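Have a look at the structure below, then the notes.
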Amino acid sequence: MLKKNLVCIVCPNGCDAEVMMEDGQEIKILSIDGCTCDKGKEWVVQELTSPMRTIASGIPVEHGDFKLVSVRTDAPIPLGKIFEVMTVIRHKKLKAPVAIGDILVPNPAGTACNIIATRNVAFMAV
Amino acid sequence: MKTIKKDLVIIGGGPAGLAAAVSARKKGLSDILLIERDKILGGILNQCIHDGFGLHTFKEALTGPEYAQRFIDEFHGLGIEAMPETIVLSLDKEKTLTVSSKKGFVKIKANAVILAMGCRERTAGAISLPGTRPAGVYTAGAAQNFVNLQNIMIGKRIVILGSGDIGLIMARRMTLEGAKVEAVFELLPTPSGLARNVQQCLNDYGIPLFLSTSVFELHGKDRLTGVTVAKVDEKFQMIPETKRLVPCDTLLLSVGLIPENELSLGAGVRLEPATSGASVDDRFMTNIPGVFSCGNVLHVHDLVDHVSEEAALVGQSAAAYLLDRTESAAAIPVVTKEDIRYVLPQKISGKTDVTLSLRVTRPMRNASVLVADGDRKIARKKLVRLHPAEMIRIKVKAKHIENAEKLEVSVQC
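The listed protein sequences correspond, in order, to chains W and G. Read left to right, the first sequence gives residues 1 to 126 (the working numbering). Read left to right, the second sequence gives residues 127 to 539 (the working numbering).
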């Protein structure tokens, strides 16, 4: 048997999860202790099979009342894909206006998510 | 100087000020003015572009700007007046404010004031960092503003001092933007930020965290070239043989937040040494009648959801004070015992249910927070993990405290 300790990142409680797994290549979870909610338990299973994260960044906006529109993925993406998605974000440029919730890039780097705007950026003539 | 009159003036348009304004209006108060020094409302949330806000309030993980926008939309929807790009220069105990904006100086006579100015970061000067004074030393929040709002990259090789949440968040942010974050150093033997942030901001990216370690010298003439770090003993004294040089061009400081109470002090508001914020009753009224305090200017919070909740209560209190002219009846002191750093409110009436907010002095496991009146136990909350970085809230019912003499809050292992 294999014991693994994880800190849950679902909410600020940050529960200490203790997972017992069978030895071997395949991931077989025997028990999960320490999680105080079901979402946490789901996260632990996900984390051990294929860890996922939501990421946030910014994209420059021309003629905007903000220089950048803040953005995030609207669903978690595989941990290993973060830098590929960041490259997509870094090469993107936008023109004002941008509205909160706008889909700016669908399926970046082949992931099952959209890059969405998290701020309104109004048009501002220079 | 022109003088105007307002029923309620709220100083600060961040999460606390917005929630207070919205709830005061919903309680029927019409004459409200919110003053904000920035061009836009939302305060520090505007630069906190990472997600994780609103899990309590909206049951979803929002980014800072998204969380702020929900309150800003509600604020405007209710037609509340805001005065942006305006700074409050002074507040006196008669609740007269002097404010300055592009339009000039104005005096505002208020019947009630809500202090919602937030907090400030401790700087290199505040922690007496020795060494030269090169460019490249920023507080984590200043760096966050440059990178997330102004699109200015601040460095390539980063060292972070202090493991507060903003420092951890910035370690990830700088990494995503292509910088190399060498390490995070923390003076204390435990991380100051939330455990989930150590996981998702450092461990995910292989950024090392060195505990009981601090920065002892800055190097570089024009630009920072490196920092000397060393381990410390239990008394936080440097262990000389552990000194080593870490080359870097940028140092970010995440070494604590201090409530910004200069205006409060000018009005004669009494501050608590343990929080650096006002001493308040269960309506969040300070010792100056009609002056209320909420959010990070009252005590530094770790979750914005708690700020919004607290501020909404304060908005209601201020509205009740103005509409019903209720006097403060708080006479029951709330005091801390061993292992509790502070508890708030510091005085209660016993007539209404109250949520006590508190922090412990040191990390503990499997312990209870106990609220007692002498030998009588009033409330108990069992916790698996207690940490100074995590605010603990405990509800106390009015029926249990109406005849209390004094509430004592302690930790029982």
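Even for Gly, the Cβ is constructed at its ideal location relative to N, Cα and C. Computed from a predicted model, the values in this text were never measured in an experiment.
Any beta carbon from chain W within less than 8 Å of residue i's own beta carbon?
i, result
"Ile175/G", "yes"
"Pro191/G", "yes"
"Gln326/G", "yes"
"Leu181/G", "yes"
"Ala269/G", "no"
"Ala187/G", "yes"
"Gln538/G", "no"
"Gln195/G", "yes"
Compute the distance between the beta-carbons of residue i and residue j, then report whether it is under 8 Å.
i, j, result
"Asp473/G", "Pro459/G", "Reading off the sequence shown, one finds Lys at residue 473/G, where the question assumed Asp. Closer than 8 Å, so yes."
"Lys100/G", "Asn237/G", "Chain G is shown from 127 up to 539; residue 100/G falls before or after that span and cannot be answered."
"Phe418/G", "Val395/G", "no"
"Ala309/G", "Ile333/G", "yes"
"Ala266/G", "Gly293/G", "yes"
"Ile32/W", "Lys39/W", "no"
"Lys92/W", "Ile59/W", "yes"
"Ile240/G", "Ala146/G", "yes"
"Leu171/G", "Val423/G", "no"
"Ile234/G", "Ile130/G", "yes"
"Leu377/G", "Met296/G", "no"
For a cutoff of 8 Å on Cβ pairs, would you count residue i as touching chain G?
i, result
"Leu48/W", "no"
"Lys67/W", "yes"
"Pro60/W", "yes"
"Thr111/W", "no"
"Ile55/W", "yes"
What in chain W is Cβ-close to residue i, meaning under 7 Å?
i, result
"Gln276/G", "Lys67"
"Ala321/G", "Val7, Gly14"
Can you pull the chain W residues whose beta carbon is under 8 Å from the beta carbon of residue i, in chain order?
i, result
"Asp428/G", "Pro12"
Kindly give me the distance between the Cβ atoms of residue i and residue j, rounded to whole angstroms, as I take these residues to be in contact under 8 Å.
i, j, result
"Cys245/G", "Leu389/G", "Not really, about 13 Å apart at Cβ, beyond 8 Å."
"Ser475/G", "Ala455/G", "4 Å"
"Gly180/G", "Gly139/G", "Gly180/G to Gly139/G, Cβ: 18 Å. No contact."
"Met124/W", "His63/W", "6 Å"
"Pro191/G", "Ser70/W", "5 Å"
"Ile175/G", "Leu160/G", "Not confirmed; about 23 Å, so no contact."
"Val324/G", "Thr339/G", "Not quite, the Cβ-Cβ distance comes to about 15 Å (not below 8 Å), so this is no contact."
Taking residue i as the query, report the chain G residues whose CB atoms sit under 7 Å from its CB, ordered along the chain.
i, result
"Leu79/W", "Asp330"
Would you say residue i faces chain A, with C-beta separation under 8 Å as the test?
i, result
"Leu302/G", "In summary, chain A is missing from the structure at hand, where the protein chains are W and G."
Quick one: which residues of the region 85-102 of chain W get their C-beta closer than 7 Å to a C-beta of chain G? List them in chain order.
Met86, Ile100
Selection of the region 14-43 of chain W by Cβ proximity to chain G, strictly under 9 Å:
Gly14, Cys15, Asp16, Gly34, Thr36
Against chain W: residues of the region 133-146 of chain G by CB proximity under 7 Å:
none
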